[in-house]
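Student: Residue numbers (the numbering used here), protein chains in the order written: chain B, 547 to 623; chain S, 6 to 383.
Note that CB positions come from ideal geometry on N, CA and C, so glycine has one too.
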């Protein structure tokens, strides 16, 4: 039985952002890609969702204070 | 009712929205009143947001540091978890912030799959599969010096308890040694190839520590009943191996080894683990630190996509500014290295600006005034 690491309680939901969404996001935040927090391409979850270096990963975390919060990371080598 | 519709128009966090909604529903307010209430709530929310330019890092450092002075310096403490010995208090907090690769007391919490979680026998079975069992626990091992051989006398009772057959035991031993191996009734006899006492004793030591079943890293398993299900607590940790064991609910399998979580489950899981561990370590000592400070800490530690420790080899040691690094630790080394490499300090940070006596870029100091000359002339 193949299990998904994303089912683990500690792992929040990871999604790859589409190109158009990524552009919109960078415009909204007023930053360049490189200024985002990073995630390695060797990260087990990145491998699982199949993100490539240069992609932006959208992470929906459960937050202690805000219910849920959205975080973005840039995939790097 | 459409409280949701009103709330939808405001960019409030979900938890705040839910709280307002439940309160509105309890009081059964009319729509126009509700609108006003939500508007007031939103104003209050905005007023309570942290100001841009506020030194949140310093506030977090102080907020965690001050209660830290009140923590026990004693390493060991017998915590709520049965007979397990877990590092707590200040040493544990330091361990978390230093991202030690091998914590001094690794520990796992293992939940079982729903079908078997309530069955003590089944839980015992899973525990047997996880706990490392050495040959010395299952058999008497005797050295016959005259005959230059080692006699292994399996304890049938212990074997039965572990659910092993003699045959399986034999296979395990054979796989682990390179010497001549014979079976005589219930006994096994190992004859060494090289006739030296030292070699004989080496083989003896090796035989004792053969892991017959279970996971090498897990030294002990304790079964506890929590609510209506049985939960396993282990001494020693190996997330990867335990997750593969049948009967284990992998999605609720936890370890206190943060680096291991980072390797197996990735950076985001490590972030959650840091928050949980730091919070519970502080909480256990009766100290309440706001999660936001710890969340900031965890965010800084994981921002690069890899775990960075707070200290000389991590966050503080990798600062861009030479002066800031020199002011922290290993002053001479840092200055010397920077000089050799011809580094430039752009004086963008706080420490370096304090050193040379300039206003710092924090709070109001972070704001710059730009005058449009053309407008002023007129």
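#1: Within 9 Å (strictly less), CB to CB, does residue 9 of chain S reach chain B?
#2: Let me know if residue 258 of chain S comes out buried or exposed under the rule of 16 or more other beta-carbons within 10 Å of its beta-carbon.
#3: Could you list which residues in chain S have their beta carbon closer than 7 Å to that of residue 555 of chain B, in chain order?
#4: Which whole-angstrom value describes the C-beta separation of residue 100 of chain S and residue 111 of chain S, a residue pair presumed to lie in contact below a C-beta threshold of 8 Å?
#5: Does residue 547 of chain B come out as helix, strand or coil in the three-state DSSP assignment?
#6: Should residue 281 of chain S be flagged as near chain B, meaning a C-beta pair shorter than 9 Å?
#7: Tell me where the beta strand (DSSP E) around residue 159 of chain S begins and ends.
#8: Nearest chain S C-beta to residue 601 of chain B closer than 9 Å, yes or no?
#9: Need the endpoints of the beta strand (DSSP E) that residue 144 of chain S sits in, please.
#10: Just the C-alpha distance for residue 601 of chain B and residue 593 of chain B, rounded to the nearest angstrom, thanks.
#11: Give the range of the beta strand (DSSP E) segment to which residue 609 of chain B is assigned.
#12: Which residues in chain S sit within 7 Å of residue 612 of chain B, going by Cβ to Cβ distance?
#13: Buried or exposed: residue 375 of chain S, going by 16 or more other Cβ atoms within 10 Å of its Cβ?
#14: Whose Cβ in chain B lies nearer than 7 Å to the Cβ of residue 5 of chain S?
#15: If you count every other CB in all the chains shown that lies within 10 Å of the CB of residue 318 of chain S, and 16 or more means buried, which is it?
#16: Can the beta-carbon of residue 355 of chain S be found closer than 9 Å to that of residue 321 of chain S?
#17: Any idea if residue 41 of chain S is buried or exposed, counting beta-carbon neighbours within 10 angstroms, 16 or more meaning buried?
#18: Shorter than 9 Å from the beta carbon of residue 566 of chain B to some beta carbon of chain S?
#19: Are the CB atoms of residue 198 of chain S and residue 184 of chain S nearer to each other than 9 Å?
#20: Would residue 314 of chain S and residue 104 of chain S be called neighbours here (beta carbons separated by less than 9 Å)?
#21: Would you say residue 591 of chain B lies against chain S (beta-carbon separation less than 9 Å)?
#22: Are residue 586 of chain B and residue 311 of chain S closer than 9 Å when you measure CB to CB?
#23: Ignore the nearest five residues each way along the sequence and tell me which others in residue 621 of chain B's own chain have a CB closer than 7 Å to its CB.
#24: CB-CB under 6 Å to residue 348 of chain S, same chain, minus the five flanking residues each way: which ones, in chain order?
#25: So, with DSSP's three-state summary, where would you put residue 185 of chain S?
#26: What residues in its chain sit with their C-beta under 8 Å from that of residue 358 of chain S, if we drop five residues either side in the sequence?
#27: Taking buried to mean at least 16 other C-beta atoms within 10 Å of its own C-beta, is residue 261 of chain S buried or exposed?
#28: May I ask whether a heavy atom of the ligand SAM can be found less than 8 Å away from the beta carbon of residue 108 of chain S?
#29: Would you say residue 572 of chain B reaches chain S, if we count a Cβ-Cβ gap shorter than 9 Å as a contact?
#30: How many angstroms separate the CA atom of residue 66 of chain S from the CA atom of residue 298 of chain S?
#31: For residue 221 of chain S, which of S:68, S:72, S:33 and S:137 has the nearest alpha-carbon?
#32: In the DSSP assignment, find the beta strand (DSSP E) that holds residue 293 of chain S and state where it starts and stops.
#33: Check whether the region 234-247 of chain S touches the region 262-277 of chain S, counting contact only when three or more Cβ pairs, one atom from each stretch, lie closer than 8 Å.
#34: Exposed or buried, which one is residue 547 of chain B when buried takes at least 16 other CB atoms within 10 Å?
#35: Run through the region 57-142 of chain S for me and flag every whole alpha helix (DSSP H) of 4 or more residues, listed as ranges in chain order.
#36: Looking at the strands, I want to know which residues DSSP matches up with residue 240 of chain S.
Tutor: Straight from the coordinates:
#1: no
#2: It is buried - the Cβ of residue 258 of chain S has at least 16 other Cβ atoms within 10 Å.
#3: 256 and 257
#4: Their Cβ separation, rounded to whole angstroms, is 11 Å, which puts residue 100 of chain S and residue 111 of chain S out of contact at 8 Å.
#5: Because the pLDDT of residue 547 of chain B is 48, which lies under 50, any placement of that residue in the model is unreliable, and the question is left without a value.
#6: At a cut-off of 9 Å between beta-carbon atoms, residue 281 of chain S makes contact with chain B.
#7: 154-159
#8: no
#9: For residue 144 of chain S, the enclosing beta strand (DSSP E) has its first and last residue at 144-149.
#10: 12 Å
#11: 602-609
#12: 18, 19 and 20
#13: Taking every protein chain shown into account, the CB of residue 375 of chain S has fewer than 16 other CB atoms within 10 angstroms, so this residue is exposed.
#14: The shown model of chain S, from 6 to 383, leaves out residue 5 of chain S, and the question about it has no answer.
#15: exposed
#16: no
#17: With fewer than 16 other Cβ atoms from the protein chains shown falling within 10 Å of its own Cβ, residue 41 of chain S counts as exposed.
#18: no
#19: yes
#20: The answer is yes: Cβ separation under 9 Å.
#21: yes
#22: yes
#23: 585, 587, 592, 597, 598, 599, 600, 601 and 603
#24: 327
#25: strand
#26: 352, 364, 365 and 366
#27: buried
#28: Only the bare structure without any ligand can be found here, which leaves the ligand SAM out of the picture.
#29: no
#30: Roughly 8 Å between the two C-alpha positions.
#31: S:137
#32: Where residue 293 of chain S is concerned, there is no enclosing beta strand (DSSP E), given that its DSSP letter is neither H nor E.
#33: yes
#34: Reliability fails at residue 547 of chain B, whose pLDDT of 48 lies under 50, so the model's placement of it is uncertain and no value is given.
#35: 61-73, 94-103 and 125-135
#36: S:112 and S:225
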